[in-house]
Amino acid sequence: MEKSSLASKPLPSQLTTTSSTHRSRLPGRFARLPELAGPGFLPLGLFARLPLAMLTVGTLTLVTAVSHSYAIGGMASGAVGIGSAVGAPVLGSLADRAGQRIVLLVAAVVNTLAVLGLLAAAYVTPSYVSVLDATGVLVAGFLAGASCPQVGPMARVRWMALTTRNLSSVHKAAVSTEEIPAAESSVARSGGRSVAASRADLDTALSYEGTADEVTFVLGPALVGILASLIAPWLPLALAAIMTITLVPAFAVHPSQQAVVPVPRKAAAAVVGSFSEPAAKRGSRWAGAVVAVPVVAMVCMGTFFGATQNALSAFSAQYATAEIAGLLYSVMGLSSAVAALSVAFWSQRFSLAARWVAAALAMSLFALLLLVPAGIWPMVFVLLLLGIPVGPVMVTVFSIGGVVAPAGRMATVMTALASGIVAGTALGSYLAGQLAQTQGPSAAFVVSMAAAAGLLVLGVLTYLVMKRRPQA
Numbered sequence: 000m001e002k003s004s005l006a007s008k009p010l011p012s013q014l015t016t017t018s019s020t021h022r023s024r025l026p027g028r029f030a031r032l033p034e035l036a037g038p039g040f041l042p043l044g045l046f047a048r049l050p051l052a053m054l055t056v057g058t059l060t061l062v063t064a065v066s067h068s069y070a071i072g073g074m075a076s077g078a079v080g081i082g083s084a085v086g087a088p089v090l091g092s093l094a095d096r097a098g099q100r101i102v103l104l105v106a107a108v109v110n111t112l113a114v115l116g117l118l119a120a121a122y123v124t125p126s127y128v129s130v131l132d133a134t135g136v137l138v139a140g141f142l143a144g145a146s147c148p149q150v151g152p153m154a155r156v157r158w159m160a161l162t163t164r165n166l167s168s169v170h171k172a173a174v175s176t177e178e179i180p181a182a183e184s185s186v187a188r189s190g191g192r193s194v195a196a197s198r199a200d201l202d203t204a205l206s207y208e209g210t211a212d213e214v215t216f217v218l219g220p221a222l223v224g225i226l227a228s229l230i231a232p233w234l235p236l237a238l239a240a241i242m243t244i245t246l247v248p249a250f251a252v253h254p255s256q257q258a259v260v261p262v263p264r265k266a267a268a269a270v271v272g273s274f275s276e277p278a279a280k281r282g283s284r285w286a287g288a289v290v291a292v293p294v295v296a297m298v299c300m301g302t303f304f305g306a307t308q309n310a311l312s313a314f315s316a317q318y319a320t321a322e323i324a325g326l327l328y329s330v331m332g333l334s335s336a337v338a339a340l341s342v343a344f345w346s347q348r349f350s351l352a353a354r355w356v357a358a359a360l361a362m363s364l365f366a367l368l369l370l371v372p373a374g375i376w377p378m379v380f381v382l383l384l385l386g387i388p389v390g391p392v393m394v395t396v397f398s399i400g401g402v403v404a405p406a407g408r409m410a411t412v413m414t415a416l417a418s419g420i421v422a423g424t425a426l427g428s429y430l431a432g433q434l435a436q437t438q439g440p441s442a443a444f445v446v447s448m449a450a451a452a453g454l455l456v457l458g459v460l461t462y463l464v465m466k467r468r469p470q471a
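Quick note on numbering: numbering that gives the first Met the number 0 labels position 39 of the sequence shown as 38, and the sequence is numbered without any gaps.
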């Protein structure tokens with residue numbers, strides 16, 4: 000009943016006329032994206048994910064300011080990261096079963112209340128002599144992280160549904176008529192897009208999403224730093240709450256959400272049960288193992304981000320002032336965003352696994368240069384260079400996550416990947432913070448280098464696994 004009702008509603012790509020493509024100001028392949036998703040989706044999806052990028056750093060800034068303790072501030076931001084790591088896959092699983100709209104609407108309300116509770120707890124707590132005194136703040140931080148709407152992963156799921164919808168119709172027609180060539184020719188005659196065109200659309204969409212993530216990862220902390228330093232430390236989180244309660248519901252009800260059809264638990268079980276029991280067990284084990292690799296990779300990516308942020312803070316304090324650490328970090332985000340955008344134009348003959356290995360190798364080598372600079376401007380050059388492979392690695396890992404995600408569990412996998420970044424950021428911040436406090440910024444940068452090396456190892460593993468996958 001639900002599938003038929005959704006199918007009867009025109010999707011964004013069906014509502015957009017051909018002339019809209021010519022009116023688009025986006026260059027080349029990116030002009031296709033507004034046609035696929037519908038008007039307003041790109042800016043809405045970009046700014047609706049900004050509160051998540053502000054939450055961890057905003058919590059760190061607020062709690063550090065009111066407690067006068069870097070340790071408690073770090074624990075509070077870590078609680079946000081842990082909450083997000085736990086809550087994001089849960090929200091993704093619920094979205095797979097109940098649909099994105101209801102999950103995002105509820106999450107927007109709950110998260111707004113949780114962030115307001117975090118603000119209240121930070122100022123109501125009478126003293127921060129010990130960790131026990133900050134229990135209320137830590138609990139509020141965990142709840143804020145766990146309930147944060149996962150706009151970025153949900154947007155990726157929508158892109159995957161929108162770009163593969165025509166291909167799905169080909170397979171469904173082939174199954175119903177048992178005439179695959181006839182079904183394919185029918186779709187071709189009706190204007191259906193080819194497999195190559197749909198893959199190009201998906202590459203372009205995921206390339207854009209990677210850039211959007213990078214932009215928000217840079218803009219979020221920068222906005223927190225500006226508002227907290229110039230006005231008040233509570234303002235960034237207050238703004239994040241306002242953006243969540245206004246932009247996330249608008250994203251939730253955008254017509255593009257109709258492309259994602261929920262898969263109830265019973266339906267998913269029926270699909271698994273249609274195979275022989277040994278085959279189902281092998282498939283389940285295989286799916287779990289393969290999905291775990293990109294999730295761990297995103298933990299490494301988050302560790303790289305968190306460690307680099309903290310190490311740059313110590314580096315900036317040594318050579319200038321700690322307040323410019325956010326600006327230094329934004330330099331890497333700038334080159335990373337541009338590089339992520341370029342992935343849409345890479346040859347499709349450059350396989351995902353090979354792309355991961357090549358970009359992670361460059362990232363590992365460039366990370367070694369973090370130990371070289373003895374001043375601010377040399378570090379700017381190193382960060383600009385280091386950001387070039389970061390964006391492509393992120394885009395590629397998300398793409399592989401979409402390839403290996405089990406049927407009906409796309410949102411679960413996408414949110415697990417996103418939560419891996421958040422959890423890794425908390426881990427990297429903690430490790431680098433400890434080393435920066437005791438050994439200095441150079442020791443903290445070692446955490447960044449280790450995380451980049453971990454991405455390379457996982458990339459090689461993925462290359463070997465995916466190379467053998469066709470024979471499995």
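For each residue, glycine too, the CB sits at the ideal point set by N, CA and C.
Remember, predicted model here, so these are calculated numbers, not experimental data.
- Residue 414: member of the alpha helix (DSSP H) spanning 409-437, first to last residue.
- Exposed is the label assigned to residue 467, since fewer than 16 other Cβ atoms lie within 10 Å of its Cβ.
- Taking C-beta separations shorter than 6 Å and ignoring five residues to either side along the sequence, the partners of residue 305 in its chain run 424, 427, 428, following chain order.
- Sequence-distant Cβ neighbours of residue 216 in its own chain, meaning closer than 8 Å and more than five residues away, are 52, 304, 332.
- By the 16-neighbour rule on beta-carbons within 10 angstroms, residue 76 is buried.
- With contacts defined as CB atoms closer than 8 Å, residue 419 and residue 301 qualify as a contacting pair.
- Contact between the stretch 349-366 and the stretch 441-458 is established, with three or more Cβ pairs separated by less than 8 Å.
- Taken atom to atom, the span from the alpha-carbon of residue 349 to that of residue 379 is near 30 Å.
- Taking a cut-off of 8 Å for Cβ pairs, the stretch 69-85 and the stretch 407-422 touch, as three or more such pairs fall below it.
- A distance below 8 Å separates the beta carbons of residue 311 and residue 324.
- Residue environment: residue 308 is assigned as buried (16 or more neighbouring CB atoms within 10 Å of its CB, all protein chains considered).
- Comparing alpha-carbon positions, the option among 289, 450, 162 lying closest to residue 352 turns out to be 289.
- Rounded to whole angstroms, the gap between the alpha carbons of residue 341 and residue 29 is 11 Å.
- Ranked by how close their Cα comes to the Cα of residue 218, the residues 40, 336, 96 have 336 in first place.
- One alpha carbon belongs to residue 382, the other to residue 319, and they sit about 17 Å apart.
- Straight across, the Cα-Cα distance linking residue 385 with residue 328 is about 11 Å.
- Using a 10 angstroms sphere on the CB of residue 122, the tally of other CB atoms stays under 16, which defines it as exposed.
- With contacts defined as CB atoms closer than 8 Å, residue 440 and residue 313 qualify as a contacting pair.
- Looking at the backbone, the Cα of residue 293 and that of residue 392 are separated by about 11 Å.
- Less than 8 Å divides the Cβ of residue 114 from the Cβ of residue 239.
- One Cα belongs to residue 90, the other to residue 377, and the distance between them is close to 42 Å.
- Spanning the alpha carbons of residue 100 and residue 207 requires a straight line of approximately 22 Å.
- Taken through DSSP and simplified to helix, strand or coil, residue 89 comes out as helix.
- In the three-state DSSP reduction, residue 105 falls in the helix class (H, G or I).
- Going by beta carbons, residue 78 and residue 116 fall outside the 8 Å limit.
- Assignment of residue 366 by DSSP, reduced to helix, strand and coil, places it in the helix class.
- For residue 142, the CB contacts under 6 Å within the same chain, skipping 5 residues up- and downstream, are 113 in chain order.
- Taking the Cα positions, residue 68 is about 15 Å away from residue 57.
- Here residue 444 is buried, its C-beta having at least 16 other C-beta atoms within 10 Å.
- With contacts defined as CB atoms closer than 8 Å, residue 162 and residue 41 fail to qualify as a contacting pair.
- The C-alpha of residue 462 is placed about 21 Å away from the C-alpha of residue 365.
- For residue 398, the secondary structure class from DSSP, reduced to helix, strand or coil, is helix.
- In this structure, 409 is the residue among 371, 409, 344, 338 with its C-alpha nearest to the C-alpha of residue 88.
- Counting along the chain, residue 31 sits inside the alpha helix (DSSP H) bounded by residues 31-36.
- Assigned with DSSP and collapsed to three states, residue 308 falls in helix.
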